[in-house]
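Asker: A single structure is presented below for examination.
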Amino acid sequence: MLCRTVGIVSLNTQIKDTLIELFSDWAGEDARDIAALPPSGSYREYYRIRSDRLSALGVFNPDRKENVAFLDFSRHFLQKGLPVPAIYADAPERNMYLIQDLGDSTLFSYLTQQRLNGDFPDELTATYKRVLSELPKFQVLAGQDLNYDVCYPRRKFDKQSMLWDLNYFKYYFLKLARIPFDEQDLEDDFQTLTEYLLRTDCDYFMYRDFQSRNIMLYQDRPYFIDYQGGRRGALQYDVASLLFDAKADIPHPLRQELLTHYVQALSALIALNEQEFFDYYYGYVCIRIMQAMGAYGFRGFYEKKLHFLQSVPYALNNLRWLLNTIELPIRVPALLDVFYRLVDSEEWRNFDDMSPRLTVRINSFSYRRGIPVDESGHGGGFVFDCRSLPNPGHNERYRQLDGSAPEEIEFFEHHTDVEDFLQNIYALIQRSVENFQQRNFQTMMVSFGGTGGQHRSVYCAERLAGHLRSRYRLTLTIRHLELEMK
1 MLCRTVGIVS LNTQIKDTLI ELFSDWAGED ARDIAALPPS GSYREYYRIR
51 SDRLSALGVF NPDRKENVAF LDFSRHFLQK GLPVPAIYAD APERNMYLIQ
101 DLGDSTLFSY LTQQRLNGDF PDELTATYKR VLSELPKFQV LAGQDLNYDV
151 CYPRRKFDKQ SMLWDLNYFK YYFLKLARIP FDEQDLEDDF QTLTEYLLRT
201 DCDYFMYRDF QSRNIMLYQD RPYFIDYQGG RRGALQYDVA SLLFDAKADI
251 PHPLRQELLT HYVQALSALI ALNEQEFFDY YYGYVCIRIM QAMGAYGFRG
301 FYEKKLHFLQ SVPYALNNLR WLLNTIELPI RVPALLDVFY RLVDSEEWRN
351 FDDMSPRLTV RINSFSYRRG IPVDESGHGG GFVFDCRSLP NPGHNERYRQ
401 LDGSAPEEIE FFEHHTDVED FLQNIYALIQ RSVENFQQRN FQTMMVSFGG
451 TGGQHRSVYC AERLAGHLRS RYRLTLTIRH LELEMK
């Protein structure tokens, strides 16, 4: 175990050293720091690298063919004027590259913040429409002369690709969730479904994973990432991916409004046969939901990252709506039987009640009054000292404000060392949250301390709460202990 640990540390050091070298060559100045970003749903590793003037993201991905696809697509999209991250440098022989830093705000995190009271505000709807206005530009304009030879793992979302997704759903979700089905009958229905889906026009660029976590909001406009799995395919798949994105939980009437907006944007670029588009649309919704559930099963059941299973009830709500509203123009009785078994499952229907919900209690405090006591009894959690960070309280302009005020938020956002501090905390807390959830622990406490408990500690506590709220199903409480005394 010691040798393996040393090997991992050595590899991480090599990755960081190479990325710092790439950054310095590009920036023309030395890197000041490098911080790993929290892990996501892929095996790629991301690092934020900063100098005194510049910032970039360094990426390590051992899958070389995937890197080739991403870099080739990116350069093509940039040439077409599409909003994707700029490529600053790459070291293909080392499976690393350097791209534009687009910040940390995704469409999903923005959606989560905007929907705290459950509503879907007009501003959020407008953002979705801006995103959907960009999608046809990728599918049609950029797709016309894209180099499909670099697509990975296949050049087209063809029958083989579809069957891979359907079997992913069968083996990593249905079997691991112990949903009974007839193997041959279901296989026959998979064949029927794929043959039906391939009857529509499949000669456009298909982004493949067009969902809210892969759309960044940067400088008041959407930017697009994670398109390395793109290939030729049908128009319907990507818009279905976004509108039926499980945890986004878009209300069904709004889905129709957004779909209409997309069709209008698409019709400005091609002579769209709307009847044909809608004839196949919900079939693509079905296969996308199954692909996503396969991913939830693989990550949740197989890799034991149980927070991925928290998306399943949302996916089943979408499936239930489809069963009650839409009738596919093909006979797939075994597949429909599986769908009904899923949506009628007591286990999944009561999933929220069955699974213990981790409560994370976040505090800000003043060291003058001492570190907060963990009242849960087990003493688990973290205390972070914010006193090394820039303090707006030294400026008369901010003295009467606190770390949740817009003026102070702007102050902190202009100091890169604050963001670095938080990114390291995110990575640490995420590992613990996921471990606690897997072990069914019920409480964790995280406290941020400052001199007076008014500025830096409040800001950091609020930022961590927002970060966790956008990623996990848990109960959050946040207390600003010093502010409560005023």
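Residue numbers for the sequence shown follow full-length UniProt numbering, so the first one is 1 and each next one is one higher.
Built from N, CA and C at the ideal position, the CB exists for glycine as well.
#1: W348: which of M293, F382, Y88 and L116 sits nearest, CA to CA?
#2: Between the C-alpha atoms of L54 and D385, what's the straight-line distance to the nearest angstrom?
#3: To the nearest angstrom, how far is the alpha carbon of N67 from that of P85?
#4: Between which two residues does the beta strand (DSSP E) harbouring F381 extend?
#5: Candidates Y237, R288 and V332: which alpha carbon is nearest L319's?
#6: Report yes if the CB atom of V312 is closer than 8 Å to the CB atom of L358, and no otherwise.
#7: Name the residue from A240, P222, L468 and R208 whose alpha carbon lies nearest to the alpha carbon of G229.
#8: To test your reading of the DSSP string, which unbroken beta strand (DSSP E) runs of 3 or more residues are found completely within the region 82 to 127?
#9: According to DSSP, is M354 part of a helix, a strand, or is it coil?
#10: Assuming K159 contacts R232 (C-beta within less than 8 Å), just tell me the rounded distance between them.
#11: What does the Cβ neighbour count give for T106, buried or exposed, with the cut at 16 atoms within 10 Å?
#12: If you draw a straight line from the C-alpha of E183 to the C-alpha of P333, how long is it?
#13: Quick one: measure Cβ to Cβ for L98 and W26, integer angstroms, because I've assumed they're closer than 8 Å.
#14: Which residues share a DSSP beta bridge with T443?
#15: Between E482 and Q442, what straight-line distance do the alpha-carbon atoms span, to the nearest angstrom?
#16: Kindly give me the distance between the Cβ atoms of R44 and D33, rounded to whole angstroms, as I take these residues to be in contact under 8 Å.
#17: In the structure shown, what three-state DSSP assignment does S197 receive?
#18: Look at the alpha carbon of Q114 and the alpha carbon of G449, and state the distance between them as a whole number of angstroms.
#19: Any contact of the region 187 to 194 with the region 205 to 220, i.e. 3+ C-beta pairs under 8 Å?
#20: Extract the residue ranges of the alpha helix (DSSP H) inside the region 40 to 86, only unbroken runs of 4 or more that lie entirely within it.
#21: Once you ignore the five residues that flank Q139 on each side, which residues in its own chain have a CB closer than 8 Å to its CB?
#22: Under 8 Å: do the region 452 to 465 and the region 382 to 396 share three or more Cβ pairs, one atom per stretch?
#23: Taking the alpha carbon of D374 as the point to measure from, which residue in P406, S447 and S404 has its own alpha carbon closest?
#24: Mind checking whether F120 and P251 have CB atoms under 8 Å apart?
#25: Nearest to R94 by CA position, among W321, N61 and P329, is which residue?
#26: Output needed for Y168: all residues of its chain with C-beta closer than 6 Å, excluding positions within five of it in sequence on either side, in chain order.
#27: Assuming contact is defined by CB atoms lying nearer than 8 Å, are residue 491 and T192 in contact in what I supplied?
#28: Within the continuous alpha helix (DSSP H) that includes M290, where are the two ends?
#29: Assuming L71 and D52 form a contact by the criterion Cβ under 8 Å, report the distance between their Cβ atoms to the nearest whole angstrom.
#30: Going by the beta-carbon positions, is the gap between Q275 and R473 smaller than 8 Å?
#31: The alpha helix (DSSP H) that contains H480, what's its start and end?
#32: Can you tell me whether DSSP reads M485 as helix, strand or coil?
#33: How big is the Cα-Cα spacing for residue 574 and H307?
#34: On the DSSP bridge list, what partners appear for Y366?
#35: Have a look at V338, G58, S364 and M290 and flag the residue whose alpha-carbon is nearest the alpha-carbon of Q100.
#36: For F244, name the three-state secondary structure that DSSP assigns.
Answerer: Answer, in terms of the structure:
#1: M293
#2: 27 Å
#3: 14 Å
#4: What sits at residue 381 in the sequence shown is Gly, not Phe. Note, G381: beta strand (DSSP E), G381 to D385.
#5: R288
#6: no
#7: R208
#8: 87 to 91 and 96 to 100
#9: For M354, the predicted structure reports a pLDDT of 46, less than 50, and the residue's modelled location is therefore unreliable. A value from the coordinates is still provided. Residue state, collapsed to three classes: helix.
#10: 13 Å between Cβ atoms; not a contact.
#11: buried
#12: 13 Å
#13: 6 Å
#14: T359
#15: 26 Å
#16: At roughly 20 Å, the Cβ-Cβ gap does not stay under 8 Å, so R44 and D33 are not in contact.
#17: According to the sequence shown, residue 197 is Leu rather than Ser. Looking at L197 - three-state DSSP - the assignment turns out to be helix.
#18: 28 Å
#19: no
#20: 64 to 79
#21: Y204, F205, M206, Y207, L235, D238 and L266
#22: yes
#23: S447
#24: yes
#25: N61
#26: G294
#27: Within the shown structure, residues of the chain are numbered from 1 to 486, placing residue 491 beyond reach of any answer.
#28: E274 to G297
#29: Wrong, their Cβ atoms sit about 28 Å apart, outside the cutoff.
#30: no
#31: No alpha helix (DSSP H) holds H480; the beta strand (DSSP E) holding it covers T475 to H480.
#32: coil
#33: With the chain covering 1 to 486 only, the question about residue 574 has no answer from this structure.
#34: Residue identity differs from the one stated: residue 366 is Ser in this sequence, not Tyr. Answer is G450.
#35: G58
#36: coil
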